Structures are given as C-alpha cells and as structure tokens.
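Below you'll find the structure, written out as structure tokens, and then a few comments.
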Ligand SMILES: [Zn+2]
C-alpha cells in the first residue's frame, strides 16, 4: 500500500496560508465575542491539576498533569464556533481536501481493512460528517462492502455524494435529530472530528444510542502520545484552536469512552510515514541531541531505515493519528 507523506496530505498552499488565515479569523473572533469562564478541572479525567501548555492564536491551551489531556481553556463559545465554521476558512479547507483527495485514499484503505475485521458484509454503517467523501470513495473502490449511510450538515456536500455514489443513502441531517431509530447501526465511523467537539460526552452518548448493542464505533483523532508530538511539542501543527479544542492520547481516550458506555477494543496508529515526513520537514532545531540528529539524518538518507522505523511506530502504536475501535457495551 502506498506510503503517505506529509507534503502530499497537507498541500503546500495549506501549509503556507493556514497559520495566517487562522490568526485572522481568531482575531475577528476575539474582537467580536466575549470569552467563556475558564474551567478548573480536566474535561476528561476531572483532575484539578492542570496548567498552561501553550498559547495559540490568542487561545490558552492547558494540559492535565494526570492524563496529559491538552485542551482550549476556556473553550470557545457556541457563537465563536459558529462564526469560525462559517468563515472563509471552511472553503480554504475544502479546497485543500479536494487537492489532496487521491493522496488521502491510502489512509482510508488502511482504516477499511481494520473495519472489515469487525463488520461483516452488508452491515449497516453510518459515516458521520462524510464531507467530500474520501472515505466513501475508498469504500466504493472496494465495491462498498457495507450498507453505508452518509450524513453531513453541509447541503452541497450531500448533493455531491448523492450524485456521485449510486445506491448510497445520504442524509443532510444533524446527528442529534437523525431520521434513524436508536439501536439501528452495526457500526458508525467518524474521521478526525472528536478533537473539534467542545461537548464530546453528549456526542458519544448519541453515537452509542444509534448503535445496536455490541455495535462498533470507529474513529480517528490526533494522538499526543506519539513520535511527532514528542519531537514538536508546543510547535505541533495540530495545535489549532478554535478548530482543535480537545487533543487526546492513546491512554486518556479510554476514560472518555468508558464514561459514555463504550469499551475500547483496539487502538491502531497506522500511518507513521506521516509522522516521519512531518518531522523531517521541520528538521531545524539546534537543540536536538546528538542521538536525535543521528536518527533524523538516517531517516532522511536511508529508505530502509525509514521503513523499519515506520514499522516500529506502527507496532508500538506511537504514531500521531490513532484509529480507535470501541464497542457499545
Ligand atoms: Zn486529565
């Protein structure tokens, strides 16, 4: 399967303008809306032991000393988020997703192989937030092994999906008022979204309600217990408030899932080549130790070493994006 590399997934145009655009929209938000009260507890494990991690685009990001959760404190208000998600950043984002569409397919191919271990042919699968349909495309290239329902809030995206994929059920609906009964789906998928949610507990409970007993929830989100986070820390490109408001890790994701009625079945970090290519791109720190410099030079020059380090990160589940497989109890 094709190796995925940072520059192919995140187009150069995105890398060039994202920070600038984020800063611009954030400045508008800070001048228009009043901030909410700061919270005193970690939103995942409730520990009172939290401290400032960094500041990004005028938002304070805190970290929990107990479970290492990283979160925006205070969380952005509903009005601020509404403004953010309706700003022209959304068009900018859609464009670079379109530009990197084909390069993103292998990411989903790997995820589908995992899903197929849990869902049989013709299982009812709900894909939440299908957007421009990269996951749907990857499924249809495999002759769509499941009975898929796509849902998205964006009407344009839904019309596109309906026109493009014959036989796909498309719902232009909000998950909280979905026209499907409880305990309907064998599986639900959600890609790179939970990090955007300010109220993940409510969302996860809704997902659980839509699943049959024993049904599976498949989702991906950044993993801060990873090689790339270990190197980049507060310079990490995924520190993107008010978009990314909750950054989980492979340990504390269990806490929030168990709290909302799920049992974690497996966690995989499948695309470690993204970590390595991202770090090599940012290979600029004089502060790296001789060992770090040696390893980074080897990764740059030696493709066999690159491959074996990639395999090591996958085996030890220490790459920066995790696929979580959870089961409704
Ligand atoms: Zn915590």
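Residue numbers (the numbering used here): 29 to 357. Ideal Cβ positions, reconstructed from N, Cα and C, are used throughout, including at glycine. Note that this is a predicted model, so its numbers are computed, not measured.
Quiz item: Could you give the C-beta distance for residue 175 and residue 211, rounded to a whole number, given that I count them as a contact under 8 Å?
Solution: Stepping through the chain shown from its first residue, residue 175 is reached at position 147. Stepping through the chain shown from its first residue, residue 211 is reached at position 183. No, residue 175 and residue 211 are not in contact; Cβ-Cβ is about 16 Å, not under 8 Å.
Practice problem: Can you give me the start and stop residues for the beta strand (DSSP E) that residue 242 sits inside? | Solution: Sequence index remark: in the chain shown, residue 242 carries index 214 (1-based). Counting along the chain, the beta strand (DSSP E) containing residue 242 begins and ends at 239 to 250.
Quiz item: Closest to residue 238 by CA distance: which of 155, 292 and 346 is it?
Solution: Locating residue 238 in the chain shown gives position 210, counting from the first residue. Selected option, being the one with the closest Cα: 155.
Quiz item: Counting by C-beta, which residues lie closer than 5 Å to a heavy atom of ligand 1, in chain order?
Solution: Per the Cβ criterion, the list is 70, 72, 73, 75, 92, 94, 95 and 97.
Quiz item: Are the stretch 343 to 353 and the stretch 292 to 308 in contact at 8 Å, needing three or more beta carbon pairs?
Solution: Between the stretch 343 to 353 and the stretch 292 to 308 there are three or more inter-stretch CB-CB distances shorter than 8 Å, so the stretches are counted as touching.
Practice problem: Would you tell me roughly how many angstroms separate the C-alpha atoms of residue 181 and residue 163, rounded to the nearest one? | Solution: What you label residue 181 is simply residue 153 of the chain shown in a count that begins at 1. What you label residue 163 is simply residue 135 of the chain shown in a count that begins at 1. Whole-angstrom Cα-Cα distance: 17 Å.
Quiz item: Could you give the distance in angstroms between the alpha-carbon of residue 269 and the alpha-carbon of residue 50?
Solution: Sequence index remark: in the chain shown, residue 269 carries index 241 (1-based). Sequence index remark: in the chain shown, residue 50 carries index 22 (1-based). Cα-Cα distance, rounded: 8 Å.
Self-check item: Burial state of residue 29, where buried means 16 or more other Cβ atoms lie within 10 Å
Solution: Translated into the one-based positions of the chain shown, residue 29 becomes position 1. By the neighbour-count criterion, in which a residue is buried when 16 or more other Cβ atoms sit within 10 angstroms of its Cβ, residue 29 is exposed.
Practice problem: Determine the extent of the alpha helix (DSSP H) in which residue 153 is found, giving its start and end residues. | Solution: The residue given as residue 153 occupies position 125 in the chain shown. Per DSSP, residue 153 lies in no alpha helix (DSSP H); the unbroken beta strand (DSSP E) holding it starts and ends at 152 to 156.
Quiz item: Which first and last residues belong to the alpha helix (DSSP H) in which residue 175 is found?
Solution: Taking the first residue of the chain shown as position 1, residue 175 is located at position 147. Here residue 175 belongs to no alpha helix (DSSP H); instead the beta strand (DSSP E) covers 175 to 179.
Self-check item: Coarse secondary structure for residue 73, derived from DSSP in three states
Solution: Within the chain shown, numbered from 1, the residue matching residue 73 stands at position 45. For residue 73, the secondary structure class from DSSP, reduced to helix, strand or coil, is coil.
Practice problem: In the DSSP assignment, find the unbroken beta strand (DSSP E) run with residue 321 in it and report its ends. | Solution: Indexing the chain shown from 1 puts residue 321 at position 293. Looking at the DSSP string, residue 321 is not in any beta strand (DSSP E); the run it does join, the alpha helix (DSSP H), is 318 to 329.
Quiz item: Is it the case that the Cβ atoms of residue 185 and residue 166 are separated by a distance below 7 Å?
Solution: Here residue 185 refers to the residue found at position 157 when the chain shown is read from its first residue. Here residue 166 refers to the residue found at position 138 when the chain shown is read from its first residue. Going by C-beta atoms, residue 185 is not nearer than 7 Å to residue 166.
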